[in-house]
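Asks:
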Amino acid sequence: MKVRAFTPADQEAYLAMGRDFYAGEGTLFPITDEKLINTFHRLLAGEPGLRGCILEQDGQVVGYALMVSYWSCEAGGKTVQLEELYLSERVRGRGLGSQFMEWLLREYEGEAKRFRLEVCPRNQRVKKLYERYGFVPLPYEQMVRE
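Residues in the sequence shown are numbered consecutively from 57, following this note's numbering.
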């Protein structure tokens with residue numbers, strides 16, 4: 057699997073995958089195309105702390121990942137949060153999620169003190185993937201204000 061940065065030519069593929077991601081088991085709430093498009097443009101503009109990657113297999117776009125980096129006093133350094141990891145249904149179960157997780161941990165080795173992510177309770181398959189890479193539940197309640 058190849059992991060590369062987003063390019064302007066990826067907009068339609070990202071929008072289609074983002075729509076599928078937000079309609080599936082990976083999220084609790086749907087979002088609008090406007091938010092997806094804004095995220096895409098912020099990625100291309102170099103929004104500080106935001107990184108997006110396109111995932112390819114045999115020259116075909118098969119997924120994407122969004123990461124956010126920030127300082128955490130609690131962790132004593134940089135935290136990398138995996139905001140979204142999406143793989144096309146046609147390639148799920150082929151080890152690409154594991155390949156991405158290995159890439160992620162190598163990519164930030166020596167730089168990140170902590171990795172974070174969120175998992176929806178109904179998405180047990182991906183939860184097992186993350187557990188294989190040492191992720192454990194935190195005893196925090198999440199709160200949000202929008």
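In this text, a Cβ means the ideal position worked out from N, Cα and C, and glycines have one as well.
#1: Nearest-angstrom Cα distance between Met57 and Ala69?
#2: Would DSSP call Phe171 helix, strand or coil?
#3: Pull up the distance between the alpha-carbon of Arg60 and that of Val200, whole angstroms please.
#4: In chain order, what residues of the same chain lie with their CB nearer than 6 Å to the CB of Phe171, ignoring the 5 residues before and after it?
#5: Just tell me which of Gln198, Val118, Pro193, Ala72 has its CA closest to the CA of Gly149.
#6: With a threshold of 16 other CB atoms inside 10 Å of the CB of Tyr186, please say whether the residue is buried or exposed.
#7: Can you tell me whether DSSP reads Glu130 as helix, strand or coil?
#8: I'd like the ranges of any alpha helix (DSSP H) spanning at least 4 consecutive residues and lying wholly in the stretch 59-102.
#9: Report the CB separation of Leu143 from Leu152 in whole angstroms; it is logged as a contact under 8 Å.
#10: State the beta-bridge partners of Glu112 as determined by DSSP.
#11: Please go through the same chain and pick out, in chain order, the residues whose beta-carbon is closer than 7 Å to the beta-carbon of Asn38, but skip the five residues on each side of it.
#12: Using DSSP bridges, identify the partner residues of Leu123.
#13: Just how far apart, CA to CA, sit Leu184 and Gln67?
Replies: Let me lay it out:
#1: 17 Å
#2: strand
#3: Cα to Cα, Arg60 sits roughly 31 Å from Val200.
#4: Excluding sequence positions up to five before and after Phe171, its CB lies within less than 6 Å of the CB of Val136, all in the same chain and listed in chain order.
#5: Cα-wise, what sits closest to Gly149 is Val118.
#6: buried
#7: coil
#8: 67-79, 89-101
#9: The pair is a contact, with the Cβ atoms about 6 Å apart (cut-off 8 Å).
#10: Lys58, Val117
#11: Nothing can be reported for residue 38: it is not among the residues displayed for the chain, which extend from 57 to 202.
#12: In the sequence under discussion, the amino acid at residue 123 is Met, which differs from the Leu named in the question. Arg107, Leu138, per the DSSP bridge assignment.
#13: Correcting the residue type first, residue 184 is Lys in the shown sequence and not Leu. Lys184 and Gln67: Cα-Cα distance of roughly 30 Å.
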